[in-house]
Structures are given as C-alpha cells and as structure tokens.
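All the letters of the sequence shown, read from the start, carry residue numbers 1 to 129 under the UniProt record's numbering. Note that beta-carbon positions come from the ideal geometry of N, C-alpha and C, so glycine has one too.
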Amino acid sequence: MKNYLGRMIVLVNDYDAAAKFYEKNFGFHRLSDTTSPEGERYLHLGTKGEHALGIWLMQAVGEEQQQRVGHQTGGAPLMVIYTSDIIELYQQLIVNKVSVNKKPMLGDSFRFLHCLDLYGNEIVVVELN
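Structural data, given as structure tokens:
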C-alpha cells in the first residue's frame, strides 16, 4: 500500500484571483479546473508530477467559512512551499507587491521567508541546502 498527500484546501472568496496569485508568484499550474453538473467548481493548483501535491481552492460558502478566509489556521502558517532559489523568489514577490512579513533568513542548512497570500494567509517559503 502507498499513501501520499494529495491536496490541501484553501478557502477563497474568488477562484480566479486566488489562482492568479499562486500561478504568478509560485509558478503553480492548474492541475484540474472542472465544474460539476450542480455548478460547483473544483480548482486544483500545484506542481506537475505523478502524485502532484497541490492546493484545492474552495469557494467559502456561508458566514462561518467567509469568516475563516485568510484565517483558517488561527494565525499559524497555512503551508510551506519549497523553492530552489529563495532570493530570486523574494525579488519576484517584491516586484509583484506580495506582502513579505519575514524577509529572507539565510542559515547554513536552510533559507526561508514568510509572505502573505491575497487573503492574509501566511506562507513559509523554504530553500533547503
């Protein structure tokens, strides 16, 4: 038996704005973008690969979910994204006016920064050495 992570759900107000954010800033691709017969949209973003780990963007429905958009982890980081070049990505985030709340920290065995998505969710970006 093999088990692996598939998707993490991120609540959003606007599918297309959220998709654009992750595509533009992190180079993610649309793994799936379908609409059910009932009109529910299923938009998955991520990297390519056999078992591509990804983000499932989910439209917040109802007052409770709306209140959690941008705060679904209670102030803890929402996710960790790995990069091959933290400095290049940092410069790209700055150009794209993404809020970087912890500038790059450069250690011997790691480099990381923290930024916010368009809703205020905190993302940790890590370059492993």
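Alpha carbon of residue 33 to alpha carbon of residue 45, nearest angstrom: Counting from one through the sequence shown, the residue named residue 33 turns up at place 33. Counting from one through the sequence shown, the residue named residue 45 turns up at place 45. Their Cα atoms are separated by approximately 9 Å.
Thinking C-beta only, is residue 89 closer than 9 Å to residue 113? Position 113 of the sequence shown, counted from the start, is the residue given in the question as residue 113. Position 89 of the sequence shown, counted from the start, is the residue given in the question as residue 89. In contact: residue 113 and residue 89 (Cβ atoms closer than 9 Å).
C-beta atoms of residue 60 and residue 12 nearer than 9 Å: Here residue 60 refers to the residue found at position 60 when the sequence shown is read from its first residue. Here residue 12 refers to the residue found at position 12 when the sequence shown is read from its first residue. Contact flag set, yes.
Considering only the alpha carbon of each residue, which of 6, 123, 128, 129 lies closest to residue 21? By 1-based counting over the sequence shown, the position of residue 21 is 21. Shortest Cα-Cα distance from residue 21 to any of 6, 123, 128, 129 involves 123.
May I ask you to report which of helix, strand or coil DSSP gives residue 33? Residue numbering aside, residue 33 sits at position 33 when the sequence shown is read from its first letter. Per DSSP, reduced to three states, the secondary structure at residue 33 is strand.
Give the straight-line distance between the Cα atoms of residue 62 and residue 39, rounded to the nearest whole angstrom. The residue given as residue 62 occupies position 62 in the sequence shown. The residue given as residue 39 occupies position 39 in the sequence shown. Rounded to the nearest angstrom, the two C-alpha atoms are 16 Å apart.
Just to confirm, are residue 109 and residue 96 a CB contact at a threshold of 9 Å? In the sequence shown, residue 109 corresponds to position 109, counting from 1. In the sequence shown, residue 96 corresponds to position 96, counting from 1. Here residue 109 is not near residue 96, since their CB atoms are 9 Å or more apart.
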